[in-house]
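Colleague:
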Amino acid sequence: MPKLLIGLGLALVILTVYSVVDCAVFDRKRIRGLPRWVWIFVIVLVPLIGPLLWLLVGHGRATPTTRSFRSVAPDDDLDFLRGLGGGSVKTDSGENRPFNAKDQQERIRRMEQDLADLDKNDPTPDAGGTTGTAGVDPKKDPGEGEQPGRRDA
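Just so we're aligned, residue 19 is where the sequence shown starts under my numbering, counting upward by one.
(1) Using DSSP with H/G/I as helix, E/B as strand and the rest coil, what is F178?
(2) With DSSP collapsed to three states, give me the class of L52.
(3) I need the straight-line Cα distance from A134 to R46, nearest angstrom please.
(4) State buried or exposed for G76, treating a residue as buried only when at least 16 other CB atoms are found within 10 Å of its CB.
(5) Evaluate the contact criterion for the segment 32–42 versus the segment 56–64: three or more CB pairs, one atom per stretch, below 8 Å.
(6) At the level of alpha carbons, what is the spacing between L33 and L74?
(7) Taking the Cβ atom as the reference point for each residue, do I61 and G68 lie within a distance shorter than 8 Å?
(8) What's the C-alpha gap between D121 and L136?
(9) With a cut-off of 8 Å on the beta carbons, I'd call R48 and G25 a contact; round off their distance for me.
(10) Our contact map puts P65 next to L30 with C-beta atoms below 8 Å; I'd like the distance itself, whole angstroms only.
(11) Measure the C-alpha to C-alpha separation of D95 and E130 and round it to an integer number of angstroms.
(12) M19 by DSSP, collapsed to three states: which one?
Right, here's the structure in full:
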């Protein structure tokens, strides 16, 4: 009889230690019922019932029931790829129609025109009407190829 009690006591200690370690390292999102620290107190302070409650109630399922939200690269996201079929462009009449290559070319043309207009309006500080670059007088400041002693000039 004493050997049986020693064996059951040893099994209870092993079950308690296993349950405490399992609770301590278990994923926090999958613990059910109580917070982790409360489960550890229940496991330690209520022998046999605490570890059994942890294993039956607190220990979550092998796979989480909630969908995990992880970021997906755009080339792996099917919803994103479906949306690439073409956007829509608002026409002059106010209706949306599919975006096509002609619209892309028109947009590029407009952007190039806007850049050209900005270049026309940009006053360059030119010293005395010379054809130097941005206010540099070629007679005072020689260019790279005009420096004395250069062999590549």
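We put the beta carbon where it would ideally sit given N, CA and C, even for glycine.
Modeller: For this structure:
(1) Residue numbering for the chain in the displayed model covers 19 to 171; residue 178 lies beyond these limits and cannot be assessed.
(2) coil
(3) 59 Å
(4) buried
(5) yes
(6) 13 Å
(7) yes
(8) 23 Å
(9) Contact doesn't hold; Cβ gap of about 32 Å is too wide.
(10) 6 Å
(11) 33 Å
(12) coil
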